[in-house]
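Undergrad: Dropping a structure here in structure tokens format, bear with me for questions.
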Amino acid sequence: MAGIMADRLEAVRVELEGPVASFRYPHFLIGRQPSYPMPPPSTIYGLVSAALGYFPDPKHLAFAYRFYCERARVDDLETIWFVEPNTATRGAASQKNLEATSNVLPREWLVSIRMTLFLAGNELDVLEKAFRSPHYLLTLGRSQELVSIRRVERVVLHPAQSGRLEPGLLPLSLRAQLPMAIAVYMPRFIPPRHRWPVLWDWFLVLDVPFPVQATNEVSFWTEDVEAAEPRILTFHQFRL
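Numbering (the numbering used here), first residue to last: 94 to 333.
As structure tokens, this is what we get:
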């Protein structure tokens, strides 16, 4: 992927925040709707697509993020509508096209969202311009979960052999160094046209800062070249 060299990685850094967000586990179809503790890669792809106004080639884009929210989560109630075609052929019932029933379900929410997103790829100028003037409203999750942009800038990252990982999404191969991190099964990529087949993968969710060492399988990058314990990042791709 363009932009990655042996000793440097150019990226666009975007600082975002929002009041609430909920990243529903797609495996739960009824009952309480719990949230992933952080946005899955498919949500990040949707965010980037909204900023650009089109679906970028996922093979030429990589991302990393730091994610913060209040440790306490909240539940709220929402109405879910189940809609299906009306099959009636006679009488007044046949005048309706659809049948709809509703149910009230509790949904889990994350509160006071702050995310620093790093994007690397072939068209950094386009990405930077898109986040400075997004084509569509930006959300994390559903359409009502709006986020605001606080800062957009180009940065140069450098390789790091060790440092401090901030809360964020990490590769499963770091499991041995991060025993406190939770393994979650997330959608890595959802094809936008037909939304099928969904590409799933395992990730680690780290919710506290923790020092680690680089491995042969994972590359770390940092902005804090001069720091004694630099904050480090590891990038993910939407399509492997």
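All C-beta atoms in this analysis are idealised placements derived from N, C-alpha and C, irrespective of residue type, glycine included.
It should be emphasised that the depicted structure is a prediction, and the values quoted were computed from it without experimental measurement.
Just the Cα atoms here: how many angstroms apart are R225 and L212?
TA: 14 Å
Undergrad: Need the endpoints of the beta strand (DSSP E) that L203 sits in, please.
TA: 191-214
Undergrad: Report all residues from its chain with a CB closer than 6 Å to the CB of P132; omit the five preceding and five following residues, and keep chain order.
TA: F116, L233
Undergrad: How would you write the range of the alpha helix (DSSP H) that E221 sits in, first residue to last?
TA: 217-225
Undergrad: Three-state secondary structure (DSSP) at G96?
TA: A caution first: G96 carries a pLDDT of 43, below 50, which makes its placement in the model unreliable, though a value can still be read off. Reduced to three states, the DSSP call for G96 is coil.
Undergrad: Any contact between the stretch 245-257 and the stretch 163-176? By contact I mean 3 or more CB pairs, one from each, below 8 Å.
TA: no
Undergrad: With distances taken from CA atoms, which of E216, R101, P323, P280 is nearest F303?
TA: P323
Undergrad: Since L297 is in the beta strand (DSSP E), which residue starts that stretch and which ends it?
TA: 292-299
Undergrad: What residues match up with H251 in a beta bridge as DSSP calls it?
TA: Paired residues: T315.
Undergrad: By the DSSP assignment, the alpha helix (DSSP H) with L145 in it spans what residues?
TA: 134-145
Undergrad: Taking the straight line between their C-alpha atoms, what separation do you get for W174 and S195?
TA: 4 Å
Undergrad: Indicate the three-state DSSP secondary structure (helix, strand or coil) for Q188 in the structure shown.
TA: helix
Undergrad: May I ask which residues mark the beginning and end of the beta strand (DSSP E) holding F175?
TA: 167-178
Undergrad: Can you confirm whether the stretch 267-287 touches the stretch 314-321 when touching is taken to mean that 3 or more C-beta pairs between the two stretches lie within less than 8 Å?
TA: no
Undergrad: Leaving out five residues on either side along the sequence, give the residues of the same chain with a beta carbon under 8 Å from the beta carbon of S128.
TA: Counting only Cβ-Cβ distances below 8 Å, and skipping sequence neighbours, we find A114, S115, F116, R117, Y118, R166, R200, E201, W202, L203.
Undergrad: Using 10 angstroms around the beta-carbon of L191, count the other beta-carbons present and answer buried if the total reaches 16, otherwise exposed.
TA: By the Cβ neighbour-count rule, L191 is exposed, with fewer than 16 other Cβ atoms within 10 Å of its own.
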